Amino acid sequence: MVSLTTHVGSLELANPILSASGTFGHGLEMKHFVAPDCLGAWVSKTVTVVPREGNPAPRIRETEAGFLNSIGLENRGVAAYIAEVLPSLRSLKVPIITNIGGESLEAFVEAAELLSGFAEIAAFEVNLSCPNVDGGKLPFATDPHVAESIMASVRKVTDKPLFAKLSPNVSRISDMAKAVEAGGAHGITAVNTLLGMQVDWRSGRFGLATRMGGYSGTAIKPVALRCAYECVQAVEIPVIGCGGISTASDVLEFLAVGCSAIQVGTASFSDPGLLSHLAQDVANLLAENGVDQVQDIIGRVNQVPARA
Ligand code: SIN
1 MVSLTTHVGS LELANPILSA SGTFGHGLEM KHFVAPDCLG AWVSKTVTVV
51 PREGNPAPRI RETEAGFLNS IGLENRGVAA YIAEVLPSLR SLKVPIITNI
101 GGESLEAFVE AAELLSGFAE IAAFEVNLSC PNVDGGKLPF ATDPHVAESI
151 MASVRKVTDK PLFAKLSPNV SRISDMAKAV EAGGAHGITA VNTLLGMQVD
201 WRSGRFGLAT RMGGYSGTAI KPVALRCAYE CVQAVEIPVI GCGGISTASD
251 VLEFLAVGCS AIQVGTASFS DPGLLSHLAQ DVANLLAENG VDQVQDIIGR
301 VNQVPARA
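Residue 270 in my numbering sits at position 270 of the sequence shown, with consecutive numbering throughout.
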């Protein structure tokens, strides 16, 4: 029997596999494909205080490898989340991590304040990194001082664990990681999508109505892995890896660089049932390699001498 138990801050997870925000609905939309207890934790789509219609279509485009999205944080707002989503999650045994977003510091704080009293929510993931609001130019994603002050302000209104979701679209992600740790984050999710673009040279049109959007899928895995590693090296708080993960081997690569858990996103679109067996795939792969607990893999790259 392989143990997949892992810890992300104060959360004990039955396995290190989480759904990535925005790829698994808000609540139980995916239950027909994946039993909730197959996951270590379930991460909601981003919730904002004020309902958002999101960006104009087209806002999803397939590419040669992965896809571009510019959804623009479409959601029905915190009040609807509380009234319609949270009650249906009450009986779940798996921890729920609610991803919160906003266009200002005050909006992040208000979202956390309104949701903080709900015991169904095990932790918040603070979405500092959506590339699809204001063209990816919101300062939370790229300015360490702003990111730190958002985490510090949210910290003041909730006792729940806070994970900061970072953007890869920065020159030094380690600076962002240190800033959110200084602001009081209990963990980091690394990373959100890469800013990308698609055009049709025949028509001269952009693929997305917003021209640019977030690029995700297997092609970004090496970038995401590097970002996750840099975060692990920069901070003491746990890191949750995210980006291009679709196989058991991918999961273990992110753990090997020091991540305590991982998230799967785009891969669930091409294979909605993937997360129903990915934890078992990880257990099987570890067993085949004579490893009896996933903890032994975490940070493995730091346990062997560097190549000459
Ligand atoms: C979106 O809603 O635009 C995607 C969410 C994100 O990238 O954070």
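C-beta atoms are modelled at their ideal positions from N, C-alpha and C, and glycine is treated no differently. Since this is a predicted model, take the numbers as computed values, not measurements.
Per-residue DSSP class, three states only, for residue i
i    : result
T218 : helix
S207 : In the sequence as displayed, the identity of residue 207 is Gly instead of Ser. Three-state result, G207: coil.
I100 : strand
R52  : strand
F254 : helix
V85  : helix
L11  : strand
Q295 : helix
I173 : helix
V133 : coil
Extent of the continuous alpha helix (DSSP H) to which residue i belongs
i    : result
F269 : 267-270
V8   : Careful: V8 lies outside any alpha helix (DSSP H), inside the beta strand (DSSP E) at 6-8.
Q280 : 274-288
K156 : 144-157
Pairwise C-alpha distance: residue j and residue i
i    : j    : result
N302 : V257 : 8 Å
V85  : K45  : 11 Å
G196 : M1   : 43 Å
I71  : R300 : 37 Å
Delimiting residues of the beta strand (DSSP E) encompassing residue i
i    : result
R61  : 60-62
F118 : Premise fails: F118 is in no beta strand (DSSP E) and is neither H nor E.
A79  : Where A79 is concerned, there is no enclosing beta strand (DSSP E), although the alpha helix (DSSP H) it sits in stretches over 77-80.
M197 : 194-197
A261 : 261-264
Integer Cβ distance of residue i from residue j, believed to fall under 8 Å
i    : j    : result
Q263 : S19  : 7 Å
F243 : N132 : Note that residue 243 is Gly in the sequence shown, not Phe. So it is not a contact: roughly 16 Å between Cβ atoms.
P56  : G207 : Wrong, their Cβ atoms sit about 13 Å apart, outside the cutoff.
M176 : A147 : 6 Å
A185 : I237 : 6 Å
S129 : N192 : 4 Å
V282 : V239 : With a Cβ gap of about 18 Å, V282 and V239 do not count as contacting.
S397 : C38  : Summary: the structure shown does not reach residue 397, with the chain confined to residues 1 through 308, and so no result is reported for it.
A190 : H145 : Not confirmed; about 19 Å, so no contact.
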